[in-house]
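Protein chains in written order, with this note's numbering: chain F, 3 to 314; chain Y, 3 to 314.
Working notes, structure below.
Protein chains: 2
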Amino acid sequence: MRFDVTVLGCAAALPSLNRLTTAQLINIHEKRFLVDCGEGTQVALRKKSSKLQYRMMRIDHVFISHLHGDHYLGLPGLISTYNLMGRTRPLRIYGPPELEGLMRLHNQVSGAHLNYDLHFVSTQTQERTLLWEDATLEIYSFPVKHRIATTGFLFKEKEREPGVSHHAVRDLGLEPSEILQLKKRQDLVRSDGTALAWSSVCTEPAPPRSYAFCADTMYWERVVDAVQGVDMLYHEATFMAHHKALAVKTYHSTTLQAAKVAMKAGVGRLLVGHLSARYKDNEAVLAEVVEGFPRAEIARDGVTYSVPFRSL
Amino acid sequence: MRFDVTVLGCAAALPSLNRLTTAQLINIHEKRFLVDCGEGTQVALRKKSSKLQYRMMRIDHVFISHLHGDHYLGLPGLISTYNLMGRTRPLRIYGPPELEGLMRLHNQVSGAHLNYDLHFVSTQTQERTLLWEDATLEIYSFPVKHRIATTGFLFKEKEREPGVSHHAVRDLGLEPSEILQLKKRQDLVRSDGTALAWSSVCTEPAPPRSYAFCADTMYWERVVDAVQGVDMLYHEATFMAHHKALAVKTYHSTTLQAAKVAMKAGVGRLLVGHLSARYKDNEAVLAEVVEGFPRAEIARDGVTYSVPFRSL
Numbered sequence: 003m004r005f006d007v008t009v010l011g012c013a014a015a016l017p018s019l020n021r022l023t024t025a026q027l028i029n030i031h032e033k034r035f036l037v038d039c040g041e042g043t044q045v046a047l048r049k050k051s052s053k054l055q056y057r058m059m060r061i062d063h064v065f066i067s068h069l070h071g072d073h074y075l076g077l078p079g080l081i082s083t084y085n086l087m088g089r090t091r092p093l094r095i096y097g098p099p100e101l102e103g104l105m106r107l108h109n110q111v112s113g114a115h116l117n118y119d120l121h122f123v124s125t126q127t128q129e130r131t132l133l134w135e136d137a138t139l140e141i142y143s144f145p146v147k148h149r150i151a152t153t154g155f156l157f158k159e160k161e162r163e164p165g166v167s168h169h170a171v172r173d174l175g176l177e178p179s180e181i182l183q184l185k186k187r188q189d190l191v192r193s194d195g196t197a198l199a200w201s202s203v204c205t206e207p208a209p210p211r212s213y214a215f216c217a218d219t220m221y222w223e224r225v226v227d228a229v230q231g232v233d234m235l236y237h238e239a240t241f242m243a244h245h246k247a248l249a250v251k252t253y254h255s256t257t258l259q260a261a262k263v264a265m266k267a268g269v270g271r272l273l274v275g276h277l278s279a280r281y282k283d284n285e286a287v288l289a290e291v292v293e294g295f296p297r298a299e300i301a302r303d304g305v306t307y308s309v310p311f312r313s314l
Numbered sequence: 003m004r005f006d007v008t009v010l011g012c013a014a015a016l017p018s019l020n021r022l023t024t025a026q027l028i029n030i031h032e033k034r035f036l037v038d039c040g041e042g043t044q045v046a047l048r049k050k051s052s053k054l055q056y057r058m059m060r061i062d063h064v065f066i067s068h069l070h071g072d073h074y075l076g077l078p079g080l081i082s083t084y085n086l087m088g089r090t091r092p093l094r095i096y097g098p099p100e101l102e103g104l105m106r107l108h109n110q111v112s113g114a115h116l117n118y119d120l121h122f123v124s125t126q127t128q129e130r131t132l133l134w135e136d137a138t139l140e141i142y143s144f145p146v147k148h149r150i151a152t153t154g155f156l157f158k159e160k161e162r163e164p165g166v167s168h169h170a171v172r173d174l175g176l177e178p179s180e181i182l183q184l185k186k187r188q189d190l191v192r193s194d195g196t197a198l199a200w201s202s203v204c205t206e207p208a209p210p211r212s213y214a215f216c217a218d219t220m221y222w223e224r225v226v227d228a229v230q231g232v233d234m235l236y237h238e239a240t241f242m243a244h245h246k247a248l249a250v251k252t253y254h255s256t257t258l259q260a261a262k263v264a265m266k267a268g269v270g271r272l273l274v275g276h277l278s279a280r281y282k283d284n285e286a287v288l289a290e291v292v293e294g295f296p297r298a299e300i301a302r303d304g305v306t307y308s309v310p311f312r313s314l
């Protein structure tokens with residue numbers, strides 16, 4: 003079951019020729035979620051659209067971390083493009099409360115009549131909040147600490163039940179009620195008095211995976227708590243360690259702070275992004291991160307990162 | 003004296019991988035003007051910024067034709083980027099009255115404190131209006147006909163005076179008052195009684211050039227009047243001729259209508275853009291335009307077009 007993150011943009015503040023501002027396309031079990039939507043996101047999505055799995059239209063949920071322009075200014079254009087492309091499926095947009103008024107004002111001044119519904123869901127920065135769930139997946143926002151109201155997002159697979167072998171079902175003539183009991187890891191005593199250990203006919207499911215997105219934020223213990231044990235963490239590292247004072251002043255993190263969050267939270271893999279354009283040497287930036295947390299990489303536009311299984 | 007137009011984007015409505023939405027950088031005598039600012043304009047400007055003459059910061063005037071997203075959604079990001087780049091020079095923005103509130107709302111929700119002033123000047127769609135002038139140049143808005151309030155823009159060099167030969171000034175010992183009279187194309191009788199024909203010591207200046215930008219608009223006689231005799235006209239041609247009904251319905255123009263405006267207005271050169279993405283064959287589109295007006299080209303992103311002298 004696929005669970006991956008395509009970085010569409012990971013520049014800090016200013017887009018460059020190689021890096022767009024922040025946006026990520028997350029694919030979990032072929033459900034697609036857009037996290038942040040910096041200027042140019044729709045073109046970045048289009049680059050990926052030749053591949054069936056990235057079709058722009060299949061995004062039904064957009065999560066906006068905060069209202070700095072480099073994290074949402076691609077959204078009014080995307081909303082308009084969806085309309086011109088004939089979208090009829092509703093689009094759910096999660097973000098700070100002011101986002102709805104802003105997007106509706108864009109539609110109003112352009113005289114646009116959308117042929118699909120926009121549903122806005124306000125995020126808040128008091129505590130972790132469940133934004134959406136289905137049978138297999140939960141998505142939360144959680145507070146991070148930035149100059150304006152900002153949240154991170156947590157994508158979590160739900161625990162799966164063990165799978166009962168088809169052969170066992172057929173050969174033993176298992177009843178539906180028996181199968182339900184086995185899936186709960188309970189041993190059976192069957193109607194004929196024979197015992198059946200659940201582990202003899204069940205296979206353990208793959209462990210659930212999780213991904214947390216933290217941009218933009220300064221170092222904060224509550225972020226460590228919020229991302230505890232995730233399999234992959236995207237954390238901003240706008241500054242190198244010697245610019246720590248600047249990081250504090252601008253409510254951003256350093257390389258070592260991003261690594262510290264990953265280490266203290268015991269995450270599986272760390273992706274850092276939102277690097278200041280002042281650093282030309284990505285290797286030097288990565289060296290600092292890896293010093294604090296070895297399983298780290300620097301995010302690159304257009305690259306897809308798989309969320310790993312912890313036990314593998 | 004340079005007078006050219008760099009097309010930064012000329013897609014209709016939807017950006018593609020080859021075409022951004024509408025934006026043009028106009029350089030007249032090393033003064034730079036931005037006309038429209040679709041999503042991604044700041045990155046397109048940056049591509050040109052390696053050349054001194056395109057430095058983004060040297061733009062002091064931005065003209066927005068109308069509030070469809072594909073013509074202004076790059077503006078909030080550009081305003082923010084200028085701030086981060088340390089801009090202190092004011093930026094003047096000309097556009098529909100609602101534009102100011104929209105841009106200020108973006109700044110407000112992002113908590114931005116700009117270190118430079120934004121001056122907004124509202125355009126109107128009643129009549130041609132002088133927006134800005136200096137000693138050598140005039141810039142006007144003029145009404146075009148689209149689904150929402152939209153203007154075109156006209157850039158006109160002012161008439162220049164004849165130049166008096168430096169040799170004549172020195173050899174004849176011309177007085178300042180005499181030079182002024184000669185520059186007005188008046189012959190002199192000098193204090194010693196000799197006659198001096200202005201044409202014997204003056205050279206005629208280059209004729210003034212003009213450029214008109216018309217996007218988006220349906221065919222309208224008032225546009226023909228507004229662009230009468232310009233040296234270069236950019237006119238939209240969203241549709242091919244067989245989609246004329248669609249053009250009328252959506253307040254856009256066809257290839258043949260763009261050519262008709264150019265022909266009736268007697269322009270020097272026609273650039274067409276804003277072509278619908280449905281047409282894959284640019285040659286077929288151009289063939290239709292050229293049928294109606296031979297000195298025509300299809301605009302391409304990243305290309306600089308010189309405004310020609312009519313007499314040359």
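From the three backbone atoms N, C-alpha and C, an ideal C-beta is built for every residue, glycine too.
The structure presented is a predicted model; accordingly, all values stated were derived computationally and were not measured.
- With a threshold of 8 Å between beta carbons, G113 of chain Y makes contact with chain F.
- Proximity of A13 of chain F to chain Y, defined by a Cβ-Cβ separation below 8 Å, is not satisfied.
- No Cβ of chain Y is located within less than 8 Å of the beta carbon of G97 of chain F.
- Counting only residues of its own chain and dropping the five nearest sequence neighbours on each side, A46 of chain F has a CB closer than 8 Å to the CB of L10, G11, L22, A25, D303, G304.
- G231 of chain F counts as exposed, since fewer than 16 other beta carbons sit within 10 angstroms of its beta carbon.
- For the segment 70-100 of chain F, the set of positions with a beta-carbon nearer than 8 Å to some beta-carbon of chain Y reads H70, G71, D72, L75, G76, P78, G79, S82, T83, L86, M87, P98, E100 in chain order.
- Within the segment 28-78 of chain Y, the complete beta strand (DSSP E) runs of at least 3 residues fall at 33-39, 61-65.
- Taking 3 residues as the shortest admissible run, the segment 136-212 of chain Y contains the following complete beta strand (DSSP E) segments, listed from N- to C-terminal end: 139-145, 153-159.
- In chain order, P99 place their CB closer than 6 Å to the CB of S124 of chain F, counting only its own chain and leaving out the 5 sequence neighbours on each side.
- In chain order, E41, G42, V45 make up the part of chain F whose C-beta sits under 7 Å from the C-beta of G42 of chain Y.
- Contacts with chain F at 8 Å (Cβ-Cβ) include P17 of chain Y.
- Among the residues facing chain F, I61 of chain Y is not included, as its CB has no counterpart in that chain under 8 Å away.
- The three-state secondary structure of G294 of chain Y, taken from DSSP, is helix.
- CA-to-CA, the gap between D173 of chain F and T138 of chain F works out to about 29 Å.
- For M105 of chain Y, there is no enclosing beta strand (DSSP E); the residue is found in the alpha helix (DSSP H) stretching over 100-111.
- Of all C-beta pairs linking the segment 182-198 of chain F to the segment 155-162 of chain F, fewer than three are shorter than 8 Å, placing the two stretches out of contact.
- Taken residue by residue, none of the segment 175-190 of chain F has a beta-carbon sitting less than 7 Å from a beta-carbon on chain Y.
- About 5 Å separates the beta carbons of L69 of chain Y and S112 of chain F, which is inside the 8 Å limit, making them a contact pair.
- Neighbourhood of I150 of chain Y in chain F, by CB distance below 9 Å: V111, S112, G113, in chain order.
- Residue-level contact by beta carbon fails for R297 of chain F and chain Y, as no gap is shorter than 8 Å.
- At a beta-carbon threshold of 9 Å, the residues of chain F lying near R48 of chain Y are L16, P17, S18, L19, ordered along the chain.
- At least one CB atom of chain Y sits nearer than 8 Å to the CB of L104 of chain F.
- Between the segment 183-197 of chain F and the segment 119-136 of chain F there are fewer than three C-beta pairs closer than 8 Å, too few to call the two in contact.
- Using a 10 angstroms sphere on the CB of S143 of chain F, the tally of other CB atoms reaches 16 or more, which defines it as buried.
- Residues of the segment 244-273 of chain F with a C-beta atom less than 8 Å from some C-beta of chain Y do not occur.
- A distance below 8 Å separates the beta carbons of V309 of chain Y and Y213 of chain Y.
- For L107 of chain F, the C-beta contacts it makes with chain Y under 9 Å involve E100, G103, L104, L107, in order along the chain.
- Between the segment 232-252 of chain F and the segment 217-224 of chain F, the count of Cβ pairs shorter than 8 Å is three or higher; the stretches touch.
- Close CB contacts of T8 of chain F within its chain, under the 6 Å cut and outside five residues either way in sequence, are with L27, T306 (chain order).
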